[in-house]
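**Student:** Dropping a structure here in C-alpha cells format, bear with me for questions.
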Amino acid sequence: MNEKILIVDDNKRNIQVLAGFLSNHDYHVEYSLDGPKALDWLREEKFDLVILDVMMPVMDGFQVCQAMKQDRDLKDIPVIFLTARSDAESIIRGFQSGGVDYISKPFNSWELLTRVRTHIDLKLTHDQLKTLNLNLEHKVLEKTAELQKSFGDLTKAYDEINQLKEKLQSENTELREEIKIHKNFDEIIGQNDSLRKVLRQVEQVAGTDATVLITGETGTGKELIARAIYKNSNRKNKAFVKINCASIPATLIESELFGHEKGAFTGALAKKIGRFELAHKGTLFLDEIGELPSELQPKLLRVLQEGEFERIGSNTTVKVDVRIIAATNRNLLDEVHEGRFRSDLFYRLNVFPIHLPALRERKNDISELVHYFVSRSSEKINKEIRSIPADEMKKLHAYNWPGNIRELENIVERAVILSSGTNLEIGDWLFAREKAKTEEGLKPLEEVEKEYIEKVLQHTNWRIRGDNGAAIILGMKPTTLESRMIKLGIKSYKPS
16 MNEKILIVDD NKRNIQVLAG FLSNHDYHVE YSLDGPKALD WLREEKFDLV
66 ILDVMMPVMD GFQVCQAMKQ DRDLKDIPVI FLTARSDAES IIRGFQSGGV
116 DYISKPFNSW ELLTRVRTHI DLKLTHDQLK TLNLNLEHKV LEKTAELQKS
166 FGDLTKAYDE INQLKEKLQS ENTELREEIK IHKNFDEIIG QNDSLRKVLR
216 QVEQVAGTDA TVLITGETGT GKELIARAIY KNSNRKNKAF VKINCASIPA
266 TLIESELFGH EKGAFTGALA KKIGRFELAH KGTLFLDEIG ELPSELQPKL
316 LRVLQEGEFE RIGSNTTVKV DVRIIAATNR NLLDEVHEGR FRSDLFYRLN
366 VFPIHLPALR ERKNDISELV HYFVSRSSEK INKEIRSIPA DEMKKLHAYN
416 WPGNIRELEN IVERAVILSS GTNLEIGDWL FAREKAKTEE GLKPLEEVEK
466 EYIEKVLQHT NWRIRGDNGA AIILGMKPTT LESRMIKLGI KSYKPS
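So for the sequence shown, this note's numbering puts the first residue at 16; every next one is plus one.
Structure representation (C-alpha cells):
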C-alpha cells in the first residue's frame, strides 16, 4: 500500500492519534501544523490524500483547500475535512471549497480508515484514467504527424487515427464505469456455503486465462462475479468490455462483436471496431451467451480456438488476445441436445464452469442483503430508515424470490420509498402477484394488479409522474402506467 497522506492540524495530539492509526495500516503519513507550510510541502512532494483541520491560525482549512484547487498540480488531491462542527453551513462550505468528505471530531477510527481507503482508491482510478488518456492522445498525435509527413497512404493513417480515437472513447467509458463500481467486491454479500464455494472458485480461476462460463437464474449476480474475476486477474489493468447477446438484434450483433468496414452493408457509413478488438489484451464478458444466433456460433468458436476473425466486409484477418467470460440463465447442455447450441462451442466455453445459487437456496443471506440494500436505498433517495422490524424481515424470508437478488433489491427500494416512518414497512401488497399464483381461491390476477396499482397511487397521493410518482415506484414509464390504469378501470384522480 504505502500511499502518502498529509495531515494538516495545529493540534499535535490529534496528529499523533491520526498518524499512529494510519501508519499501523501501512500508510506513509506526514504532518504540518499550519496551512502555508502545508501548501509549500504539497508543491514539493507527491501526496495521495490530505486530512485537513478546519479551525487553524493564519489560514483556515477552507482557505487551504481553495488554494489547492486553484493550483494545477494540487487540484486533483482529495481533501477530507476534520472538524468539531457538524452544522450544515460548515459541511456545505467544506464541499464548496473543494473537499470530498468530512469527519466530525471525535472521530471513529474505522470510519476514518474506510473513507481514506475509498477516496485513495478513487484517486488511483482517476489517475489511471488520466494516464490512459495521455498515452492514447500521444498515439493519436503520432499518427497525425505521420499523416502530415507522408501523403502516400492517407486512408490507412486516417483509419488508424479513428481506431485510436474509438479505443480511447471505449476505454474512457469503461474506466468511468470502473470508478462507479470500484467497490464491487463489497457488493458480493453473504456467508452461505454455496456462495463461499463460488468465491473460492473465483480466486482459483482469476489468475489464469481460462475461459469461464457462469450459469444461474436471472438476477443472481452473474455480472458481479464476472467483474470479480476480472478485478483479480492479470488483465485487470486492461479493458473490461461487455456485451449482452440478448439485447442486440440478431442483424446487428455480428457487427457489434467483430466490427465492419465502411460500405460493408446498407447503413455502414464508417468503419466500426468490434468488441473483440476493443477488448484486445483485456477481458470480454459475453452475457446471455445462450441467445447468440446459431449462424454466429462458428465465428465465435474460431476466435476461441485461433484468436482471429475478419470484420464484416473485409478479407484481412484480425488477431486478438482476449480472455472470455460468458454467462447464461439457460441450461446450455439442454440447448445442445435440442440442436440450438453447438456442442463444440459449449465445450470451449465450459472450461471452468461456475454456477450461482438462486436466492431461495441461500435464504440465510437474506437478512444481510436486506440491510445492505436498505442502507444503499436510504442514501440514494435521502430517506432515513433506522430499523427493520422482525415481522417485516420474516415476510422477506418467507417469499420465494423468483427474480432473485435483483428482485430483492427492487422490493427493498420500493419499501424504503413507501415506508411512512423510520421503520421499514413491507406491505403485503408487494407480494400480491406471487399470492395470486400460489394460493387457491384468490381473485383474478388483473384484479390483484388493479389493487396493487391503486395501493401505490394512494401512497403517492395519486401522483403518476416525477421522482416520487407511482410510475417510478412501479418501475414503469408514466405512459405505460396510464395505459394500464385505463385497461384496469382505474380513474386518474386525487381523492378529496
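Ideal Cβ positions, reconstructed from N, Cα and C, are used throughout, including at glycine.
Applying the criterion that 16 or more other CB atoms from any shown protein chain within 10 Å of the CB defines a buried residue, is K195 buried or exposed?
**Tutor:** Within the sequence shown, the letter at position 180 stands for residue 195. Residue placement at K195 is flagged as unreliable, the pLDDT there being 43, under the threshold of 50; the coordinate-derived value follows with that caveat. Classification of K195: exposed, given that the 10 Å Cβ count is below 16.
**Student:** Rounded to whole angstroms, what is the Cα-Cα separation between G481 and F62?
**Tutor:** Counting from one through the sequence shown, the residue named residue 481 turns up at place 466. Counting from one through the sequence shown, the residue named residue 62 turns up at place 47. Distance between the alpha carbons of G481 and F62: 44 Å.
**Student:** On the three-state DSSP scale, how would you describe N259?
**Tutor:** On the sequence shown, position 244 is the one that residue 259 refers to. The answer is strand: DSSP assigns N259 an E or B state.
**Student:** Tell whether a beta-carbon distance below 8 Å holds between I118 and L128.
**Tutor:** As a position in the sequence shown, residue 118 is number 103, starting the count at 1. As a position in the sequence shown, residue 128 is number 113, starting the count at 1. It is not a contact, given that the beta carbons lie outside the stated cut-off.
**Student:** Please check the pair L423 and V213, which I expect to be a contact at CB under 8 Å, by giving their CB distance rounded to whole angstroms.
**Tutor:** Indexing the sequence shown from 1 puts residue 423 at position 408. Indexing the sequence shown from 1 puts residue 213 at position 198. Contact doesn't hold; Cβ gap of about 18 Å is too wide.
**Student:** Here's the rule: buried if 16 or more other CB atoms are within 10 angstroms of the residue's CB, otherwise exposed. What is F273?
**Tutor:** As a working note, residue 273 is residue 258 in the sequence shown. Counting Cβ neighbours within 10 Å, F273 comes out buried, since at least 16 surround it.
**Student:** Between A342 and A241, how many whole angstroms is the CB-CB distance? I'm expecting something under 8 Å.
**Tutor:** For the purposes of this step, residue 342 is taken as residue 327 along the sequence shown, with counting starting at 1. For the purposes of this step, residue 241 is taken as residue 226 along the sequence shown, with counting starting at 1. Right, their Cβ atoms sit about 6 Å apart.
**Student:** Helix, strand or coil for L89, going by three-state DSSP, please let me know.
**Tutor:** Taking the first residue of the sequence shown as position 1, residue 89 is located at position 74. Residue state, collapsed to three classes: coil.
**Student:** Excluding five sequence neighbours on each side, which residues of the same chain lie with their C-beta closer than 8 Å to the C-beta of Q216?
**Tutor:** Residue mapping note: residue 216 aligns to position 201 of the sequence shown, counting from 1. Once the five neighbours on either side are set aside, the close Cβ partners of Q216 are F367, I369.
**Student:** Note the first and the last residue of the continuous beta strand (DSSP E) segment covering E325.
**Tutor:** Sequence index remark: in the sequence shown, residue 325 carries index 310 (1-based). Looking at the DSSP string, the run of the beta strand (DSSP E) that includes E325 is 323 to 325.
**Student:** So who's on the other strand from D116, going by DSSP bridges?
**Tutor:** The sequence position of residue 116 within the sequence shown is 101, counting from 1. Its beta-bridge partners are I95.
**Student:** Bridge partners of S402, per DSSP?
**Tutor:** By 1-based counting over the sequence shown, the position of residue 402 is 387. Answer is N438.
**Student:** Using the Cα positions of N252 and L179, report the straight-line distance between them to the nearest angstrom.
**Tutor:** Walking along the sequence shown from the start, residue 252 turns up at place 237. Walking along the sequence shown from the start, residue 179 turns up at place 164. Spanning the two alpha carbons is a distance of roughly 18 Å.
**Student:** From K138 to V94, what distance separates their C-alpha atoms?
**Tutor:** Residue numbering aside, residue 138 sits at position 123 when the sequence shown is read from its first letter. Residue numbering aside, residue 94 sits at position 79 when the sequence shown is read from its first letter. Those two C-alpha atoms are separated by around 11 Å.
**Student:** Specify the secondary structure class of L210 as computed by DSSP and reduced to three states.
**Tutor:** Counting from one through the sequence shown, the residue named residue 210 turns up at place 195. DSSP places L210 in helix when its eight states are reduced to three.
**Student:** Hey, could you find the ends of the beta strand (DSSP E) F77 is sitting in?
**Tutor:** Your numbering for residue 77 matches position 62 in the sequence shown. No beta strand (DSSP E) holds F77; the alpha helix (DSSP H) holding it covers 76 to 84.
**Student:** Count the other CB atoms, across all protein chains shown, that sit within 10 Å of the CB of I501; report buried if there are 16 or more and exposed otherwise.
**Tutor:** In the sequence shown, the residue the question calls residue 501 occupies position 486. Label assigned to I501: exposed.
**Student:** Can you tell me whether S435 is buried or exposed, with buried defined as 16 or more other CB within 10 angstroms of its CB?
**Tutor:** Numbered from 1 along the sequence shown, position 420 holds the residue referred to as residue 435. Under this definition S435 is an exposed residue.
**Student:** Just to confirm the assignment: which complete beta strand (DSSP E) runs, minimum length 3, are found wholly within the stretch 311 to 357?
**Tutor:** Within the stretch 311 to 357, the complete beta strand (DSSP E) runs of at least 3 residues are 323 to 325, 332 to 334, 338 to 343.
**Student:** Which residue's Cα is closest to the Cα of S390: N476, V427, D91, H40?
**Tutor:** For this step, residue 390 is matched to residue 375 along the sequence shown. Measuring from the Cα of S390, the nearest candidate turns out to be V427.
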